[in-house]
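Worksheet for the structure shown next.
2 protein chains.
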Amino acid sequence: MACLCEAMAGEDAHLSPICIGNLWIFQDLEKEELVALSRDAKRQQLEKGALVFRQGDPADEMFLIKAGRIRLDKVFEDGSQLTLDIRKAGDFAGENMFAEEGTYPVSAVCMEDTMTCGFTRSQFEQAVLAYPNVGLQIIKTLSQQIDQLSSRVGSLATPSIEDRLFRVLSNVAREHGKTGEQGHVIRFPLTHEDLSFLTGAHRVSITRAMKALKDAGKIILEDKKMILPQLSVA
Amino acid sequence: MACLCEAMAGEDAHLSPICIGNLWIFQDLEKEELVALSRDAKRQQLEKGALVFRQGDPADEMFLIKAGRIRLDKVFEDGSQLTLDIRKAGDFAGENMFAEEGTYPVSAVCMEDTMTCGFTRSQFEQAVLAYPNVGLQIIKTLSQQIDQLSSRVGSLATPSIEDRLFRVLSNVAREHGKTGEQGHVIRFPLTHEDLSFLTGAHRVSITRAMKALKDAGKIILEDKKMILPQLSVA
DNA sequence: GTTCTTGTGTAGCACCTGCTACAACCCCGT
DNA sequence: ACGGGGTTGTAGCAGGTGCTACACAAGAAC
């Protein structure tokens, strides 16, 4: 099935091969349904730094990331900020719309130029009711997210910043990294400030910990890439 | 509908009013279906300290907590231990069985004498396929869990133990507490060791932080209950 | 090139936390 | 009443972390 996104983005865009048309979640939908969903989906092109949605906004839409990378930031009552997750092309953002409450608990910030494909809650609910297997697929996806979040909770509970940082980097590498000869490789830049929001640690402490990890050989910096040699097994 | 659990547990048991028969998740099931599910469900009575399931065990069953309280513990590669969540009567445990992998990522420990009602993955999948709305309900539940976990990630990112502890207690109070005149009240005992596993902090640091919170008037200890006065609004 | 911005590295200090050790306490069963 | 196990509280020390301030490097904009 032809993907409308390609037509919109142009030929030069690096789109995720995953389109609503061939997305595994919708594998059981009938052709007419797919066409309908695909037609109604709202495409959006956003450049680096733009917000897909803002924490506190009413949540009635969910986004498939066609290209780019999105950071999920949460600001707490005391003003502290934290990055809960980083999503890549093929992932979702805004799945919180399933909950009844109706506001996004985080802000979605584009870390790169990004293209999204949006669906409303009602579109999804109709799809689930018509094709129960769609529901099962989503349930599995959400379960996996819970697993990831649990592991993230574990990372943050580590007292030592160095260990904490390494765990966070390992998670990022597993999610976004490609497995090279030397281990997992993170191919996009993460500033020390980014990492401080991911670990909940002070920026300067990150610099210290990074130096320690480099000296210990646990990470290798090349160009703008980061290599985690010890992660080859996991 | 009569609840088979009551017959099993006896009249004196303090059961959750929520039974598989009247559980909101299954509100749309036909009577025969309910009877079938209810009949096939495996009841289990466990005393304090017992394990419902163990981290690493193959996960093909999910448990509705009829009575009691269950702690979800995770042990990490480095040996450190952490309590990810506390579930009460009416909640689920083991929803990770939805993910494909097939092993529980945590251990479920009974904090009190507990009664559970177990369902297998296939039972659930059949129910979802037959009654799509069941799938929607589960999706919403899982979404809410993701929200909770996110807030937990935020709690653990706080550098100050005192703040971290207070956030953790607030979460527990919101989940398990009853709203009294003075604010939220936690009615079951939590040892400092329990709290250290919940916050990822040293036991002695918990004692220090508890003292500070008491002195600051943020928490009040009475008998075995804990009162959070400032949480009246949230 | 120059300037501005953003990111990185270093230094030093106050404070907090982890850790060990031990004392006091409470509850429970004998 | 008397132990005994588990829980809570106190003390002191070493080390790590947060924080501020500043110097330096890299890259973008002009």
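Chains A and B are the protein sequences, given in the same order.
Under the working numbering, the first residue of the first sequence is numbered 343, with each subsequent residue one higher.
Under the working numbering, the first residue of the second sequence is numbered 343, with each subsequent residue one higher.
Idealized CB from N, CA, C, for every residue including glycine.
How long is the line joining the alpha carbons of threonine 533 of chain B and glycine 496 of chain A, rounded to whole angstroms? Taking the first residue of the second sequence as position 1, residue 533 of chain B is located at position 191. Taking the first residue of the first sequence as position 1, residue 496 of chain A is located at position 154. Approximately 21 Å, taken between the alpha carbons.
How about valine 448 of chain B and aspartate 415 of chain B: do their beta carbons lie closer than 8 Å? The residue given as residue 448 of chain B occupies position 106 in the second sequence. The residue given as residue 415 of chain B occupies position 73 in the second sequence. In contact: valine 448 of chain B and aspartate 415 of chain B (Cβ atoms closer than 8 Å).
Are the C-beta atoms of alanine 441 of chain A and some chain B residue less than 8 Å apart? Locating residue 441 of chain A in the first sequence gives position 99, counting from the first residue. Between alanine 441 of chain A and chain B, the shortest Cβ-Cβ separation is below 8 Å.
Within its chain, find whatever has a CB closer than 8 Å to the CB of lysine 560 of chain A; leave out the 5 residues flanking it on each side and keep chain order. What you label residue 560 of chain A is simply residue 218 of the first sequence in a count that begins at 1. The answer, listed in chain order, is Phe508, Leu570, Pro571 and Gln572.
Hey, does glutamate 389 of chain A have any beta-carbon neighbour from chain B nearer than 8 Å? In the first sequence, residue 389 of chain A corresponds to position 47, counting from 1. Taking 8 Å as the CB threshold, glutamate 389 of chain A stays off the interface with chain B.
Taking its Cβ as the centre, do 16 or more other Cβ atoms sit within 10 Å of valine 546 of chain A, making it buried, or is it exposed? Numbered from its first residue, the first sequence carries residue 546 of chain A at position 204. Taking every protein chain shown into account, the CB of valine 546 of chain A has fewer than 16 other CB atoms within 10 angstroms, so this residue is exposed.
Residues that lysine 560 of chain B contacts on chain A, provided the C-beta gap is smaller than 8 Å: Position 218 of the second sequence, counted from the start, is the residue given in the question as residue 560 of chain B. Listed by position along chain A, the residues whose Cβ is nearer than 8 Å to that of lysine 560 of chain B form an empty set, because the closest Cβ is around 14 Å away.
I'd like to know if the stretch 487 to 506 of chain A and the stretch 476 to 495 of chain B are in contact, where contact means that at least 3 CB-CB pairs between them fall below 8 Å. Contact between the stretch 487 to 506 of chain A and the stretch 476 to 495 of chain B is present, with at least three C-beta pairs closer than 8 Å.
Using only the alpha-carbon positions, how far apart do glycine 432 of chain A and glutamate 442 of chain A sit? Here residue 432 of chain A is taken as the residue at index 90 of the first sequence, counted from 1. Here residue 442 of chain A is taken as the residue at index 100 of the first sequence, counted from 1. Rounded to the nearest whole angstrom, the CA to CA distance from glycine 432 of chain A to glutamate 442 of chain A is 25 Å.
Rounded to whole angstroms, what is the Cα-Cα separation between serine 401 of chain A and asparagine 438 of chain A? Locating residue 401 of chain A in the first sequence gives position 59, where the first residue counts as 1. Locating residue 438 of chain A in the first sequence gives position 96, where the first residue counts as 1. Just to set this straight, residue 401 of chain A is alanine in the shown sequence, not serine. Here the alpha carbons of asparagine 438 of chain A and alanine 401 of chain A stand approximately 7 Å from one another.
Kindly give me the distance between the Cβ atoms of threonine 456 of chain B and leucine 540 of chain B, rounded to whole angstroms, as I take these residues to be in contact under 8 Å. For the purposes of this step, residue 456 of chain B is taken as the residue at position 114 of the second sequence. For the purposes of this step, residue 540 of chain B is taken as the residue at position 198 of the second sequence. Between the beta-carbon of threonine 456 of chain B and that of leucine 540 of chain B there is about 19 Å, and that puts the pair past the 8 Å contact cut.
Taking arginine 463 of chain B as part of the alpha helix (DSSP H), name the residues at either end of that continuous run. As a first step, residue 463 of chain B must be located in the second sequence, where it is residue number 121. For arginine 463 of chain B, the enclosing alpha helix (DSSP H) covers residues 463 to 472.
Any alpha helix (DSSP H) of 4 or more consecutive residues that is wholly inside the stretch 445 to 526 of chain B: Segments of the alpha helix (DSSP H) lying fully in the stretch 445 to 526 of chain B: 463 to 472, 474 to 499 and 503 to 518.
So, is the C-beta of arginine 413 of chain A closer than 8 Å to a C-beta in chain B? For the purposes of this step, residue 413 of chain A is taken as the residue at position 71 of the first sequence. Closer than 8 Å: no.
DSSP-derived helix/strand/coil call for glutamine 397 of chain A: For the purposes of this step, residue 397 of chain A is taken as residue 55 along the first sequence, with counting starting at 1. It is coil, neither helix nor strand.
Give me the residue from A:Phe440, A:Ala392 and A:Leu406 with the minimum Cα distance to serine 380 of chain A. Along the first sequence, one-based indexing puts residue 380 of chain A at 38. In terms of CA proximity to serine 380 of chain A, A:Leu406 leads the group A:Phe440, A:Ala392 and A:Leu406.
Which chain B residues sit within Cβ distance under 7 Å of glycine 496 of chain A? Position 154 of the first sequence, counting from 1, holds the residue named residue 496 of chain A. The contacting residues are Lys416, Phe418 and Leu424.
Take glutamate 564 of chain B as the anchor and find which of B:Asp420, B:Gly477, B:Val451 and B:Phe530 has the nearest alpha-carbon. Start at 1 with the first residue of the second sequence, and residue 564 of chain B comes out as number 222. With distances taken between Cα atoms, glutamate 564 of chain B lies closest to B:Phe530.
Would you identify the three-state DSSP class for alanine 344 of chain B, choosing helix, strand or coil? In the second sequence, counting from the first residue as 1, residue 344 of chain B sits at position 2. The predicted model places alanine 344 of chain B with a pLDDT of 43, which falls under 50 and marks its position as unreliable; any figure quoted below should be read in that light. In the three-state DSSP reduction, alanine 344 of chain B falls in the coil class, being neither helix nor strand.
Three-state secondary structure assigned by DSSP to glutamate 419 of chain A: Here residue 419 of chain A refers to the residue found at position 77 of the first sequence. Coil at glutamate 419 of chain A, not helix or strand.
If I follow the unbroken alpha helix (DSSP H) through arginine 550 of chain A, where does it start and stop? The residue labelled residue 550 of chain A in the question sits at position 208 within the first sequence. Arginine 550 of chain A -> alpha helix (DSSP H) spans 545 to 557.
Give the DSSP-derived three-state secondary structure of threonine 425 of chain B in the structure shown. Position 83 of the second sequence, counted from the first residue, corresponds to residue 425 of chain B. Judged by DSSP in its simplified three-state form, threonine 425 of chain B adopts strand.
Per the contact definition of three or more C-beta pairs closer than 8 Å, is the stretch 510 to 530 of chain A in contact with the stretch 450 to 470 of chain B? Because the criterion of three Cβ pairs below 8 Å is not met, the stretch 450 to 470 of chain B and the stretch 510 to 530 of chain A do not touch.
For histidine 356 of chain A and arginine 550 of chain A, I'd like the C-alpha separation in whole angstroms. Taking the first sequence and counting its residues from 1, one reaches residue 356 of chain A at position 14. Taking the first sequence and counting its residues from 1, one reaches residue 550 of chain A at position 208. Bear in mind that a pLDDT of 48 at histidine 356 of chain A, under 50, signals an unreliable position, so the model cannot answer this.
Rounded to whole angstroms, what's the CA-CA distance from alanine 543 of chain B to alanine 499 of chain A? Just pull it up for me. One-based indexing of the second sequence puts residue 543 of chain B at position 201. One-based indexing of the first sequence puts residue 499 of chain A at position 157. Between alanine 543 of chain B and alanine 499 of chain A, the C-alpha separation is close to 8 Å.
Mapping DSSP to helix, strand and coil, what is glycine 436 of chain B? Looking up residue 436 of chain B in the second sequence gives position 94. Glycine 436 of chain B: coil per DSSP, three-state reduction.
Decide if alanine 435 of chain A is buried, meaning its Cβ has at least 16 other Cβ atoms within 10 Å, or exposed. As a first step, residue 435 of chain A is located in the first sequence; it is residue number 93 there, counting from the start. By the Cβ-count criterion, alanine 435 of chain A is buried, with 16 or more other Cβ atoms from all chains shown falling within 10 Å of its own Cβ.
Beta-carbon within less than 7 Å of alanine 383 of chain A's beta-carbon, same chain only, minus the 5 sequence neighbours each way: which residues are those? Residue 383 of chain A sits at position 41 when you count from the first residue of the first sequence. Result list for alanine 383 of chain A: Ile362, Cys459, Gly460 and Phe461, in chain order.
For alanine 383 of chain B, the residue or residues it bridges with in DSSP: Taking the first residue of the second sequence as 1, we reach residue 383 of chain B at position 41. According to DSSP, alanine 383 of chain B bridges with nothing at all.
Could you tell me the boundaries of the beta strand (DSSP E) in which glutamate 535 of chain B lies? The sequence position of residue 535 of chain B within the second sequence is 193, counting from 1. Here glutamate 535 of chain B belongs to no beta strand (DSSP E); instead the alpha helix (DSSP H) covers 534 to 541.
Of the residues B:Val417, B:Ile428 and B:Arg411, the one placed nearest glycine 398 of chain B, counting alpha carbons only: On the second sequence, position 56 is the one that residue 398 of chain B refers to. The option with the nearest alpha carbon to glycine 398 of chain B is B:Val417.
Give me, in chain order, the residues of the same chain whose beta-carbon lies closer than 6 Å to that of isoleucine 562 of chain B; leave out the 5 immediate sequence neighbours on both sides. For this step, residue 562 of chain B is matched to residue 220 along the second sequence. Cβ within range, chain order: Ile569.
I want to verify the contact list: residues of chain A whose CB lies under 7 Å from the CB of proline 578 of chain B, in sequence order. Because chain B is modelled from 343 through 576, residue 578 of chain B falls outside the range shown and cannot be assessed.
Rounded to a whole number of angstroms, what is the C-alpha to C-alpha distance between histidine 518 of chain A and arginine 506 of chain A? Residue numbering aside, residue 518 of chain A sits at position 176 when the first sequence is read from its first letter. Residue numbering aside, residue 506 of chain A sits at position 164 when the first sequence is read from its first letter. Answer to the nearest angstrom: the Cα atoms are 18 Å apart.
To the nearest whole angstrom, what separates the beta carbons of lysine 482 of chain A and phenylalanine 440 of chain B, a pair I think is in contact under 8 Å? Residue mapping note: residue 482 of chain A aligns to position 140 of the first sequence, counting from 1. Residue mapping note: residue 440 of chain B aligns to position 98 of the second sequence, counting from 1. With 8 Å as the limit, lysine 482 of chain A and phenylalanine 440 of chain B qualify as a contact, their Cβ atoms being about 6 Å apart.
Counted within 10 angstroms of its Cβ, other Cβ atoms place alanine 469 of chain B as buried (16 or more) or exposed: Here residue 469 of chain B refers to the residue found at position 127 when the second sequence is read from its first residue. Label assigned to alanine 469 of chain B: buried.
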